[in-house]
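K.L.:
Per numbering that gives the first Met the number 0, the sequence shown starts with residue 0, numbered consecutively. Beta carbons: idealized from backbone N, C-alpha and C, even for Gly. This structure is in structure tokens; I'll ask about it shortly.
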Amino acid sequence: MARMLSYSDKGSVIHSLSGTTKLLYFLIWSLASMITYDTRLLLFMFVVSLVIFRVSKVDFEDIAFVLKLILVFLCINLIAIFIFSPEEGVKIYQSRTLIVHLFGNYNLTVQQLFYEMNVALKYFTIIPIALLFILTTNPSEFASALNKIGISYKISYAVAITLRYIPDMQRDYVTVSQAQQARGIDMSRKVSLLKRIKNVAAVLIPLFFSSMDRIDTISNAMELRGFGKKNKRTWYAARKMKRLDFAVISALVILAVIAVIITFAGGSRFYNPFV
Numbered sequence: 000m001a002r003m004l005s006y007s008d009k010g011s012v013i014h015s016l017s018g019t020t021k022l023l024y025f026l027i028w029s030l031a032s033m034i035t036y037d038t039r040l041l042l043f044m045f046v047v048s049l050v051i052f053r054v055s056k057v058d059f060e061d062i063a064f065v066l067k068l069i070l071v072f073l074c075i076n077l078i079a080i081f082i083f084s085p086e087e088g089v090k091i092y093q094s095r096t097l098i099v100h101l102f103g104n105y106n107l108t109v110q111q112l113f114y115e116m117n118v119a120l121k122y123f124t125i126i127p128i129a130l131l132f133i134l135t136t137n138p139s140e141f142a143s144a145l146n147k148i149g150i151s152y153k154i155s156y157a158v159a160i161t162l163r164y165i166p167d168m169q170r171d172y173v174t175v176s177q178a179q180q181a182r183g184i185d186m187s188r189k190v191s192l193l194k195r196i197k198n199v200a201a202v203l204i205p206l207f208f209s210s211m212d213r214i215d216t217i218s219n220a221m222e223l224r225g226f227g228k229k230n231k232r233t234w235y236a237a238r239k240m241k242r243l244d245f246a247v248i249s250a251l252v253i254l255a256v257i258a259v260i261i262t263f264a265g266g267s268r269f270y271n272p273f274v
């Protein structure tokens, strides 16, 4: 089983940025993507996110499984939008171009498809940056970045431990799964889906208790070392800001300002090509 969502230093320009820079980039980029419904801006941000992903040298295999899960949830979301609000695009863009009548009150319109395309674009704009942030940031450096922007070091450290624990959980899952299969519990495609779901419980229950035991061990170790006694702490993995970091942050601020101007220039967050 390939390790998913685990930090690995590929030596790229993205990896060389400080954790604070990458955190600010992720937060501002996500905020800009969530605010705007301007298709032109979203397309531009999507292309930029793909370029950044390419520069990072991260292998597609590292995110393939997670990306498939996200795409499944995206499809469910788009279908749910159409089921519960099939005329949302018509209301937003104040026009109606019928493609085909489906059944009852459900009609497929160009405006609805355009609206749902924008929703999908927002996902595609944020997802590469979010995954890159996790894959290119050392968990300890991420914790120091959180603490640097004002978040309690206790919470920051908890987040770092969570990120570090993801590869351990994957390794434990493989170990427990192989042990259970050696005992005759089949989780391959040879058995029915219902049977596989039932057999997965034989893996998840031992994995749960293994995780609880690991949490207890870490908690005891931290308590014995006096974690949380002081109001402040230093960070071994903290990285100083360099010229490249300041350049990236400056470019990001400029992009955010431009995004706000373009988004609200017409008095609405929605780019309307049907006017």
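Let's see if you can read the secondary structure: which residues bound the beta strand (DSSP E) around I306?
P.N.:
The requested residue 306 is not part of the displayed model; the chain covers only 0 to 274.
K.L.:
Hey, would you say L162 sits closer than 9 Å to V57, going by beta carbons?
P.N.:
To locate residue 162, count along the sequence shown from 1; it is residue 163. To locate residue 57, count along the sequence shown from 1; it is residue 58. No, these two residues do not count as a Cβ contact at 9 Å.
K.L.:
To the nearest angstrom, how far is it from the Cα of I78 to the Cα of M116?
P.N.:
Here residue 78 is taken as the residue at index 79 of the sequence shown, counted from 1. Here residue 116 is taken as the residue at index 117 of the sequence shown, counted from 1. Roughly 12 Å separates the two Cα atoms.
K.L.:
Measuring alpha carbon to alpha carbon, tell me which residue in M211, L131, I154, K239 is nearest R53.
P.N.:
For this step, residue 53 is matched to residue 54 along the sequence shown. It is L131.
K.L.:
Does the beta-carbon of A1 have 16 or more other beta-carbons within 10 angstroms, so that it is buried, or is it exposed?
P.N.:
Here residue 1 is taken as the residue at index 2 of the sequence shown, counted from 1. Confidence at A1 is low in this model, with a pLDDT of 48, below 50, so the placement of that residue should be treated as unreliable; the coordinate-derived value is given next. Result: exposed.
K.L.:
Less than 8 Å between the CB atoms is what I'm expecting for T20 and V247, so what's the real figure, rounded?
P.N.:
Sequence index remark: in the sequence shown, residue 20 carries index 21 (1-based). Sequence index remark: in the sequence shown, residue 247 carries index 248 (1-based). About 6 Å separates the two Cβ atoms, so the contact holds.
K.L.:
Taking the alpha carbon of N230 as the reference point, which residue from L66, I150, V259 has its own alpha carbon closest?
P.N.:
Residue 230 sits at position 231 when you count from the first residue of the sequence shown. Among L66, I150, V259, the Cα nearest to that of N230 belongs to I150.
K.L.:
Please state the DSSP three-state secondary structure of A1.
P.N.:
Residue mapping note: residue 1 aligns to position 2 of the sequence shown, counting from 1. Any reading at A1 must be qualified, since the residue scores a pLDDT of 48, below 50, and its modelled position is unreliable; no value is offered.
K.L.:
Run the CB neighbour count on I214, radius 10 Å, all protein chains shown included, and call it buried at 16 or more, exposed below.
P.N.:
Here residue 214 refers to the residue found at position 215 when the sequence shown is read from its first residue. Exposed, by the Cβ-count rule.
K.L.:
So, for A144: in the same chain, excluding its five sequence neighbours on each side, which residues have a beta-carbon less than 6 Å away from its beta-carbon?
P.N.:
Counting from 1 along the sequence shown, the entry for residue 144 is found at position 145. Counting only Cβ-Cβ distances below 6 Å, and skipping sequence neighbours, we find G18, T19, L22.
K.L.:
Quick one, which of Q111, A63, V65, L70 has its alpha-carbon nearest S84's?
P.N.:
Stepping through the sequence shown from its first residue, residue 84 is reached at position 85. Ranking the options by Cα distance to S84, first place goes to Q111.
K.L.:
On the DSSP letters alone, give me the boundaries of the alpha helix (DSSP H) that I204 sits inside.
P.N.:
Taking the first residue of the sequence shown as 1, we reach residue 204 at position 205. Run containing I204: 192-223, per the alpha helix (DSSP H) assignment.
K.L.:
Could you say which of L97, I34, R195, T136 lies nearest to D8 if we only look at CA atoms?
P.N.:
Looking up residue 8 in the sequence shown gives position 9. It is T136 whose Cα lies nearest to the Cα of D8.
K.L.:
Hey, could you find the ends of the alpha helix (DSSP H) L107 is sitting in?
P.N.:
Taking the first residue of the sequence shown as position 1, residue 107 is located at position 108. Segment 105-108 is the beta strand (DSSP E) holding L107; no alpha helix (DSSP H) there.
K.L.:
Of the choices K153, Q179, F207, whose alpha-carbon is the least far from that of T233?
P.N.:
Reading the sequence shown from its first residue, position 234 is the one you call residue 233. Among K153, Q179, F207, the Cα nearest to that of T233 belongs to K153.
K.L.:
For a test of the three-state rule: what should DSSP assign to F226, helix, strand or coil?
P.N.:
One-based indexing of the sequence shown puts residue 226 at position 227. F226: coil per DSSP, three-state reduction.
K.L.:
Taking only the alpha-carbon atoms, compute the straight-line gap between I13 and I51 and give it to the nearest angstrom.
P.N.:
Counted from its first residue, the sequence shown places residue 13 at position 14. Counted from its first residue, the sequence shown places residue 51 at position 52. Approximately 8 Å, taken between the alpha carbons.
K.L.:
What are the partner residues of H14, as DSSP defines its beta bridges?
P.N.:
Against the sequence shown, residue 14 aligns to sequence position 15. According to DSSP, H14 bridges with nothing at all.
K.L.:
Quick check: what's the CA-CA separation for F118 versus I27?
P.N.:
Counting from 1 along the sequence shown, the entry for residue 118 is found at position 119. Counting from 1 along the sequence shown, the entry for residue 27 is found at position 28. Note that residue 118 is Val in the sequence shown, not Phe. Computed Cα separation, rounded: 18 Å.
K.L.:
Just tell me which of S5, S218, K239, I184 has its CA closest to the CA of E60.
P.N.:
On the sequence shown, position 61 is the one that residue 60 refers to. Checked all of S5, S218, K239, I184; the closest Cα to E60 is S5.
K.L.:
Specify, as a first and last residue, the run of the beta strand (DSSP E) that I75 falls within.
P.N.:
Taking the first residue of the sequence shown as 1, we reach residue 75 at position 76. Note, I75: premise wrong, no beta strand (DSSP E); alpha helix (DSSP H) at 63-83.
K.L.:
Could you tell me whether the segment 28-46 touches the segment 263-270, using the rule of 3 or more Cβ pairs below 8 Å?
P.N.:
Short answer: they touch.
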